[in-house]
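Numbering (the working numbering), first residue to last: 5 to 391.
Cβ coordinates follow ideal geometry from the N, Cα and C atoms, glycine included.
Let me begin by presenting the structure, written as structure tokens, before commenting on it.
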Amino acid sequence: MKQTYLAQRVIDLKPSGIRKFFDIVATMKDVISLGIGEPDFTTPDHILQAGIRSLQGGQTHYTSNAGRRQLRQALAEHLQKRYGVVYDPATEIVVSVGVSEALYMTMTALLNPGEEVIIPTPCFVAYQAEVILAGGTPVEVPTLARDGFQLDPQAFEAAITPRTKAVLIGYPNNPTGAVASRQSLLEVARIAEKHDLIVVSDELYDQLVYGVEHVCFPALPGMWQRTILLGGFSKNYAMTGWRIGFAAAPADLIKGLARVHQYTIMSAPTIAQDAALEALLNGAQAVEEMRQEYNRRRLLIVNGLNQLGLPTIEPHGAFYAFPEITVTGLDEETFAQKLLEEERVAVVPGSAFGLGGEGYVRCSYATAYEKIEQALERFARFMRRYG
Ligand SMILES: Cc1ncc(COP(=O)(O)O)c(C=O)c1O
Numbered sequence: 005m006k007q008t009y010l011a012q013r014v015i016d017l018k019p020s021g022i023r024k025f026f027d028i029v030a031t032m033k034d035v036i037s038l039g040i041g042e043p044d045f046t047t048p049d050h051i052l053q054a055g056i057r058s059l060q061g062g063q064t065h066y067t068s069n070a071g072r073r074q075l076r077q078a079l080a081e082h083l084q085k086r087y088g089v090v091y092d093p094a095t096e097i098v099v100s101v102g103v104s105e106a107l108y109m110t111m112t113a114l115l116n117p118g119e120e121v122i123i124p125t126p127c128f129v130a131y132q133a134e135v136i137l138a139g140g141t142p143v144e145v146p147t148l149a150r151d152g153f154q155l156d157p158q159a160f161e162a163a164i165t166p167r168t169k170a171v172l173i174g175y176p177n178n179p180t181g182a183v184a185s186r187q188s189l190l191e192v193a194r195i196a197e198k199h200d201l202i203v204v205s206d207e208l209y210d211q212l213v214y215g216v217e218h219v220c221f222p223a224l225p226g227m228w229q230r231t232i233l234l235g236g237f238s239k240n241y242a243m244t245g246w247r248i249g250f251a252a253a254p255a256d257l258i259k260g261l262a263r264v265h266q267y268t269i270m271s272a273p274t275i276a277q278d279a280a281l282e283a284l285l286n287g288a289q290a291v292e293e294m295r296q297e298y299n300r301r302r303l304l305i306v307n308g309l310n311q312l313g314l315p316t317i318e319p320h321g322a323f324y325a326f327p328e329i330t331v332t333g334l335d336e337e338t339f340a341q342k343l344l345e346e347e348r349v350a351v352v353p354g355s356a357f358g359l360g361g362e363g364y365v366r367c368s369y370a371t372a373y374e375k376i377e378q379a380l381e382r383f384a385r386f387m388r389r390y391g
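Here it is as structure tokens:
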């Protein structure tokens with residue numbers, strides 16, 4: 005027998021720094037978790053009911069590969085109304101199993117062996133892995149707190165080589181909560197155009213912004229042609245478990261993505277598609293109510309962390325705060341471990357999200373207001389020892 009039958013690129017993948025932590029949390033009692041990257045809300049009831057109706061109505065079959073026509077139509081209308089971007093639902097949208105699968109089909113469809121994808125970090129933990137699994141090479145470009153975690157155009161351009169195929173951006177950002185400014189995205193656009201790069205824009209948290217606008221990347225001048233827009237329902241509509249999202253792009257690119265999707269997934273879950281249609285048609289008020297509650301919690305946690313001496317830039321999107329913890333003299337792994345063991349509060353070490361995350365931890369505020377209050381009291385005790 006061989007020692008292992010696994011492919012080298014799989015052996016080389018780092019286990020997610022988030023999962024590792026949550027295996028420990030699962031064995032402990034009385035933990036307040038600021039670690040989970042998903043809404044604490046259950047999916048709004050009218051969306052649940054649409055899923056139930058779908059099941060009870062016998063919608064237990066495959067849909068077309070690209071997803072239900074009505075859902076693609078509704079997605080096209082939603083994107084046009086919200087951002088002024090126009091996609092043909094017949095040829096320019098594929099419904100996916102969350103942004104996770106949309107990332108998989110995008111990278112598999114785009115990358116030849118050894119081609120590089122530039123990824124501003126810290127970022128969602130799957131980005132680098134998806135590039136590697138597709139045979140490509142991720143090139144991380146750290147973003148900095150002093151720039152509000154916006155991409156530095158010079159650092160971006162310096163990372164481009166003849167092998168660079170694409171840049172993968174994710175705003176509003178997990179884990180920093182940064183929302184890219186129009187100015188910063190115009191710089192990305194300028195450089196992408198100059199070097200003929202594809203831009204993959206993960207806009208999963210697009211509706212969760214607080215007091216700033218979310219700029220949809222393909223809506224920028226000249227960018228529609230070179231952008232693959234990824235989006236979904238997991239965060240905006242509290243639908244993580246339904247596993248539903250989409251990719252939208254010019255028809256020639258979508259043709260490639262859809263081919264990967266067709267042979268790996270066939271079609272996204274049918275009941276989830278029916279629930280997603282209801283979310284798009286009638287979900288705006290529920291999203292607004294959740295957004296307002298996140299905003300209340302956001303102010304609580306950001307002010308609380310700053311008052312405790314943990315510098316935290318104001319996050320304008322998603323539901324994460326990203327405090328710097330270096331004043332404690334601990335590295336982010338030790339900080340997270342001690343905070344969990346000594347105070348029973350779970351956070352995620354920033355280094356789990358790539359370069360630039362060292363010295364930070366991610367605190368999710370998709371957790372009840374009262375729990376965040378208690379967590380801050382525990383942080384305060386911890387800081388009396390390490391501050
Ligand atoms: C930025 C970002 N993209 C994609 C995903 C995956 O989402 P989905 O549930 O749509 O697969 C996540 C989940 O945490 C995320 O934070």
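In this structure, what does DSSP give as the bridge partners for residue i?
| i | result |
| --- | --- |
| G236 | G249 |
| T168 | E120 |
| V213 | G321 |
| D56 | Residue identity differs from the one stated: residue 56 is Ile in this sequence, not Asp. DSSP, once it has assigned bridges, lists no residue as partnering I56. |
| I36 | V349 |
So, helix, strand or coil for residue i, using DSSP?
| i | result |
| --- | --- |
| T125 | strand |
| D206 | strand |
| T8 | coil |
| P315 | coil |
| M142 | Note on residue identity: the sequence assigns Pro, not Met, to residue 142. In this structure, P142 counts as strand in the three-state DSSP scheme. |
| T274 | helix |
| V101 | coil |
| G41 | coil |
| T231 | strand |
| G181 | coil |
| G308 | helix |
| I173 | strand |
| V219 | coil |
| A372 | coil |
| N286 | helix |
| K18 | coil |
| E96 | coil |
Using only alpha-carbon positions, find the residue among the options that is nearest to residue i.
| i | options | result |
| --- | --- | --- |
| G152 | F25, G39, I269, G360 | G360 |
| G91 | V143, R76, R194, T47 | Inspection of the sequence shows that residue 91 is occupied by Tyr rather than by Gly. It is R76 whose Cα lies nearest to the Cα of Y91. |
| F326 | L314, F25, R385, Q341 | L314 |
| L107 | Y175, L83, Q132 | Q132 |
| V365 | V331, I269, A162, I56 | V331 |
| S276 | A11, Q7, Y66, T268 | Looking at the sequence shown, residue 276 is not Ser but Ala. Among A11, Q7, Y66, T268, the Cα nearest to that of A276 belongs to Y66. |
| L137 | M111, V143, L155 | M111 |
| R86 | V219, Y214, S104 | V219 |
| F128 | I22, P254, A94, R194 | I22 |
| I269 | Q296, I232, M109, D44 | M109 |
| A356 | V349, L233, A340, T371 | A340 |
| T338 | R388, A379, P353 | P353 |
| T244 | K375, I51, P319, T31 | I51 |
| T147 | G118, V351, N116, G181 | G181 |
| L59 | E381, P273, G308 | P273 |
What whole-angstrom Cβ distance do residue i and residue j have, given they're in contact under 8 Å?
| i | j | result |
| --- | --- | --- |
| L261 | A170 | About 13 Å; that fails the 8 Å criterion. |
| V121 | V135 | 5 Å |
| G140 | V99 | Not really, about 24 Å apart at Cβ, beyond 8 Å. |
| A255 | L234 | Not confirmed; about 17 Å, so no contact. |
| Q211 | S188 | 20 Å between Cβ atoms; not a contact. |
| G363 | I329 | 6 Å |
| T228 | V89 | The question names Thr, yet the displayed sequence has Trp at residue 228. Right, their Cβ atoms sit about 6 Å apart. |
Verify the CB distance criterion: does residue i have a CB-CB separation below 7 Å to chain C?
| i | result |
| --- | --- |
| I51 | The structure shown contains no chain C; it is built from a single protein chain. |
- Item | Ordered list of alpha helix (DSSP H) runs contained in the segment 316–368, each at least 4 residues | 336–347
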